[in-house]
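Notes to accompany the following structure.
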Amino acid sequence: PQLRASPRYVAALQKEFETGYPLEHPHLVRYAAKTEDGILMDYVDGETLDQFANSHPDYFRNHKNANRFLRQLLDVVGYLHQHQIVHLDLKPQNILITRIGHDVKLIDLGYCYTDTYNDTTGRTDKYAAPEQLNESAKVDGRTDIYAIGRILQTLPCAHYYNKVIQRCTAKEMKSRYASADEILQSMHSRWPWWTAALAKKS
């Protein structure tokens, strides 16, 4: 209630709905309607990524499970980027893992950057790229790539992706992967079997 009169939060809520409503992706929560009290979205029966990792400690130690998770996350982030949307607040609490199927559902576009809405952006410092902390610097898709690397660092499978993480979290934007698709291509070159195998399960 104390935020109802805050222009920043009201604008962020409106932006989230107008940005999310036209989007349709299997790993993005679906925005259904905007009401006087907030946004109506599909209910997702699942846990946040950090909760899931705690309640399923061995899940990400399985290489195929870890690859499947990463592929789905990259797929939905790449979809946002194709629509000129930079999430800017990727973190375990904004990634849901469904109870059935253990699929990714990305949530919370309230702090995203778009060409239309560029003045209500935000961040979570633990996962924020250097250019976000330097508020005068420009952000783009590589800002989300940085956060993906930081998220991988929190998971039991981090050691599988040492080189990926290192490049994702490079301080200079030009040293990171240019896109989510480039990470996928890199993964395919390292494990040629994984793209075809996982495509059957996603």
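Numbering of the sequence shown is given in the numbering used here, commencing with residue 1 and proceeding in unit increments.
Note that beta-carbon positions come from the ideal geometry of N, C-alpha and C, so glycine has one too.
Computed from a predicted model, the values in this text were never measured in an experiment.
Is the beta carbon of residue j closer than 7 Å to that of residue i?
i	j	result
Ser179	Gly141	yes
Asp144	Leu90	yes
Val77	His25	no
Arg123	Gly46	no
Arg30	Asp42	yes
How is the alpha helix (DSSP H) around residue i delimited, first residue to last?
i	result
Leu73	His63 to Gln82
Val164	Asn162 to Cys168
Quick one: grab the DSSP three-state call for residue i.
i	result
Lys34	strand
Asp125	helix
Gly149	helix
Trp194	Caution applies to Trp194, whose pLDDT of 49 falls short of 50 and renders its modelled position unreliable; the model cannot decide the point.
Leu23	coil
Leu155	coil
Leu133	helix
Leu184	helix
Sort out for me which residues DSSP pairs residue i with in a bridge.
i	result
Lys105	Leu96
Tyr113	Val86
Met41	Tyr31
Could you tell me how far apart the beta carbons of residue i and residue j are, in whole angstroms, since I believe they sit closer than 8 Å?
i	j	result
Leu73	His87	Rounded, the Cβ-Cβ distance is 11 Å, inconsistent with contact.
Over what stretch of residues does the beta strand (DSSP E) that includes residue i continue unbroken?
i	result
Glu47	Gly46 to Thr48
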